[in-house]
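Reading through the structure tokens given below for one structure.
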Amino acid sequence: MTSENETLGVIFDLDGVLVDSAWAHCQAWHDLAAKEGLEMSERFFRDTFGMQNDNIIPMLRPDVTAQEMERMGQWKEQRYRELIRSRPELAEGADALLHDLRARGFKLAIGSSAPKENVDVFWTAAHLDRTMQARVTKEKVRTGKPSPETFLKAAEELGLPAGRCAVVEDAVHGVQAGKAAGMPVVAVTTTRSGDELTEAGADRVAASLAELTAADFLALLASHARDVQ
């Protein structure tokens, strides 16, 4: 059972959770589709948000080669970074929650499907370097979400067992990844509906990080510890 003197962790997805970046990703995908003559819709973007490019691009072009996929993925991410650099800001409530968690002794990490360069845009500009003890990006895992590898690797880098970490996500695939890792998951409704996130397995759903405090994560992890005993 989790006690007050045990170190706990929270692992945050980046896009749509810590930062309001969905608009830039959406624009970058539409720009790539226009450049490559591909079909892109708002529904497709919404349904695949949170997945790695290597999983998304073959859905757009089934006959894509590995070389083409690498080229298209790099172009899309470069375009995204060009767009997001104009607004490298934390999402509503993120700064207060991160500081509250750190004040209560939590270890914090980022667990993202994005490449390292995308996280770098925010790392110092949004002061994540002052609050995060670890970050796991696309380059550090073999399989992306909904595989649990991203979150298990983040817990490992924090030096904590998976059961002492909670996940914060906004995407269905991310919620599924957190649950597969054996972690309780808080989901924010920035890119998906509360019903979709609950159906995916989220233990709690919030409209934004502004609704959450360190006490909520203490309670959630204590409940999770009782459930797995």
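For the sequence shown, my numbering assigns the number 1037 to the initial residue and increments by one for each residue that follows.
Beta carbons are placed, not taken as given, at the ideal position from N, Cα and C, and that holds for glycine.
Problem set entry | Continuous alpha helix (DSSP H) stretch holding L1137: start and end | 1130-1139
Problem set entry | Start and end residues, beta strand (DSSP E) containing A1145 | 1143-1147
Problem set entry | Through-space distance from T1225 to V1241, alpha-carbon basis | 7 Å
Exercise. So, using beta-carbon positions, are G1045 and A1191 closer together than 8 Å?
Worked result: yes
Exercise. Where does L1126 fall in DSSP's three states?
Worked result: strand
Exercise. DSSP state of F1253, grouped into three classes?
Worked result: helix
Problem set entry | Alpha carbon of A1130 to alpha carbon of H1260, nearest angstrom | 23 Å
Exercise. Does DSSP put R1240 in a helix, a strand or coil?
Worked result: strand
Problem set entry | Segment contact, 8 Å Cβ cut-off, at least three pairs: the stretch 1147-1162 with the stretch 1170-1185 | yes
Exercise. Measuring CA to CA, which of G1052, T1043, I1047 is closest to A1243?
Worked result: G1052
Exercise. Can you tell me the Cα-Cα spacing of D1099 and F1085, whole angstroms?
Worked result: 21 Å
Exercise. Roughly how many angstroms lie between the CA atoms of T1249 and V1222, to the nearest whole one?
Worked result: 12 Å
For this session: Within the stretch 1149-1229, note down every full beta strand (DSSP E) run reaching 3 residues or more, in order along the chain.
Result: 1170-1172, 1201-1205, 1221-1224
Exercise. Bridge partners of A1055, per DSSP?
Worked result: Per the sequence shown, the amino acid found at residue 1055 is Val instead of Ala. Its beta-bridge partners are D1051, L1126.
For this session: Measure the C-alpha to C-alpha separation of H1061 and R1171 and round it to an integer number of angstroms.
Result: 20 Å
Exercise. To the nearest angstrom, how far is it from the Cα of Q1169 to the Cα of L1068?
Worked result: 34 Å
Exercise. Are at least three pairs of beta-carbons, each pair with one atom in the stretch 1117-1126 and one in the stretch 1087-1096, less than 8 Å apart?
Worked result: no
Exercise. From L1196 to A1145, what distance separates their C-alpha atoms?
Worked result: 11 Å
Problem set entry | Nearest-angstrom Cα separation, counted from H1135 out to L1164 | 11 Å
Exercise. If you draw a straight line from the C-alpha of T1227 to the C-alpha of L1074, how long is it?
Worked result: 23 Å
Exercise. So, helix, strand or coil for G1086, using DSSP?
Worked result: coil
Exercise. Based on the DSSP secondary-structure assignment, which residues constitute the bridge partners of G1045?
Worked result: K1143, C1201
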